[in-house]
Amino acid sequence: MSHYNIAVISGDGVGPEVINEGKKALQALSAPTFTFTDFGWSSDYYRQTGRFIPEGGLDEVANYDAIFFGAVGDAEIQDHITLNNLILPIRRRFDQYACVRPGYLYDGVQSPLVGKSGGDIDLVVLRENTEGEYADVGGRLYQHTNQEVAVQTAVFTRHGTERIIRYAFEEARRRQKKNKVTSITKSNAQGYSMVFWDEVFQEVEKDYPDIETESLLIDAAAMDFVRRPEDFDVVVASNLFGDILTDISAVIIGSMGLAPSANLNPSRQSPSMFEPVHGSAFELIGKGLVNPLATILAAAMMIEFLGESDAGALIRQAVADNIRENKIRTPDIGGASSTTEVGDDIVRRIG
Ligand code: GGG
24 MSHYNIAVIS GDGVGPEVIN EGKKALQALS APTFTFTDFG WSSDYYRQTG RFIPEGGLDE
84 VANYDAIFFG AVGDAEIQDH ITLNNLILPI RRRFDQYACV RPGYLYDGVQ SPLVGKSGGD
144 IDLVVLRENT EGEYADVGGR LYQHTNQEVA VQTAVFTRHG TERIIRYAFE EARRRQKKNK
204 VTSITKSNAQ GYSMVFWDEV FQEVEKDYPD IETESLLIDA AAMDFVRRPE DFDVVVASNL
264 FGDILTDISA VIIGSMGLAP SANLNPSRQS PSMFEPVHGS AFELIGKGLV NPLATILAAA
324 MMIEFLGESD AGALIRQAVA DNIRENKIRT PDIGGASSTT EVGDDIVRRI G
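Counting from 24, one number per residue, gives the positions in the sequence shown under my numbering.
Pasting the structure below:
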């Protein structure tokens, strides 16, 4: 029987609550088995030590099969500090360049979009995860004066752009749904980086004549995610545009609490990381109101990436059945049950 060593970074806010339910779902499987090692890296750890990740911490995590991540963000610490010192260094160090964010409307969930029912929305956004607008390049001059200058540079390399676009085409073939890839840019306004992205997309698409292609500007894509989400299959976008679009895809499938995310290193030379799309939601801490299903679905993505497709399917089925039955669900999707009660129901169904 396979056994996996999982590095767990619960992080901030509701992270520990949802990670707890994700671990429960994984432990309910008869196979594979897991050893979870908790790494207490978080904003609290930063308050105590001045660091989010201890010296040598990433070297230690490099030895694990995967990373199971909760959330980052704290009421007292600016978001750019938490992000740039915890989650972004992990994504970059382990070259987790493919951020995979599925948006699926489950049978039994009310989409805010009129007339959409189960399965009508079934798309996946491939977000470039290591460079683009999130490249840590820039600076500030003459701070706190009238002459203040702030520069933030986006970085698009051929290597980084081509590999995420290629991954998107491969994903469209793997999914066997609409065999379509939509590329998102803003090349009407950003004549260097985004025109470059369009050119790379046009080069790569030649290698995939079986896949239909479409190119949209980010503003049109945001509108079309609301107006015609059923037309999308695989969507590939830069780091920032992918981040924004996946908040839209989460809300149109009924809740941020239903949106999982995988940060993949497809070469498998370093561990990949799995997390809910949602952040720390610190206003919900300790209330038992947070929906654990995004994290449980991220757990399913994790074991599928590790090669355990049958076990992943079991978890997915448990989630789909829980939602369809519409008895035990958290308030974000119209229920009155707690985080733990939903997690317990998933465990019962898996068991
Ligand atoms: N579980 C994901 C999480 O905590 N996200 C917080 C966040 O703000 N992330 C920004 C990003 O992924 O770009």
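Beta carbons are placed, not taken as given, at the ideal position from N, Cα and C, and that holds for glycine.
Cβ neighbour criterion (16 or more within 10 Å) applied to residue i
i      : result
GLY142 : exposed
VAL365 : buried
MET325 : buried
SER295 : buried
PRO252 : buried
ASP368 : buried
THR105 : buried
THR205 : buried
GLY309 : exposed
Candidates the options, of which the one nearest residue i by Cα
i      : options                           : result
VAL257 : LYS350, ASP344 and GLU194         : GLU194
GLU235 : VAL218, ILE267, LYS201 and ILE271 : LYS201
ILE275 : ASP247, PRO289, PRO294 and ALA260 : ASP247
GLY63  : TYR215, ALA244, PHE57 and THR72   : THR72
VAL123 : ARG198, PHE57 and GLU171          : ARG198
SER66  : HIS103, LEU329, HIS167 and ALA54  : HIS103
ASN152 : VAL259, VAL137 and LEU329         : VAL259
SER25  : THR180, THR56 and VAL31           : THR56
PRO77  : GLY93, GLN50 and ILE32            : ILE32
PHE92  : ASP82, LEU128, THR58 and ASP35    : ASP35
THR58  : LEU81, ALA30 and GLY357           : ALA30
Alpha-carbon to alpha-carbon, residue j and residue i
i      : j      : result
GLY302 : PRO283 : 11 Å
THR208 : TYR157 : 15 Å
ASP344 : ASP230 : 39 Å
GLY161 : THR176 : 6 Å
GLY114 : ASN286 : The question names Gly, yet the displayed sequence has Arg at residue 114. ARG114 and ASN286: Cα-Cα distance of roughly 7 Å.
VAL37  : PRO232 : 44 Å
THR269 : ASP145 : 13 Å
HIS182 : GLY155 : 12 Å
THR168 : VAL174 : 15 Å
ARG250 : GLY126 : 15 Å
ALA334 : ASP88  : 16 Å
PRO39  : LEU263 : 26 Å
LYS47  : VAL370 : 7 Å
ASP242 : ALA191 : 20 Å
VAL342 : SER332 : 15 Å
TYR215 : PHE328 : 35 Å
GLN133 : SER140 : 8 Å
SER290 : ARG186 : 11 Å
6 Å CB neighbourhood of residue i in its chain, flanking five on each side removed
i      : result
ALA273 : MET279, ALA282 and VAL300
PRO315 : VAL41, GLU44, THR362, VAL365 and GLY366
ARG339 : ALA323
ARG347 : ASP130 and GLY131
8 Å CB neighbourhood of residue i in its chain, flanking five on each side removed
i      : result
PRO426 : No information on residue 426 is available, as it lies outside the stretch 24 to 374 that the chain covers here.
LEU337 : LEU52 and ILE373
SER293 : ALA85, ARG116, PHE117, ASP118 and GLN119
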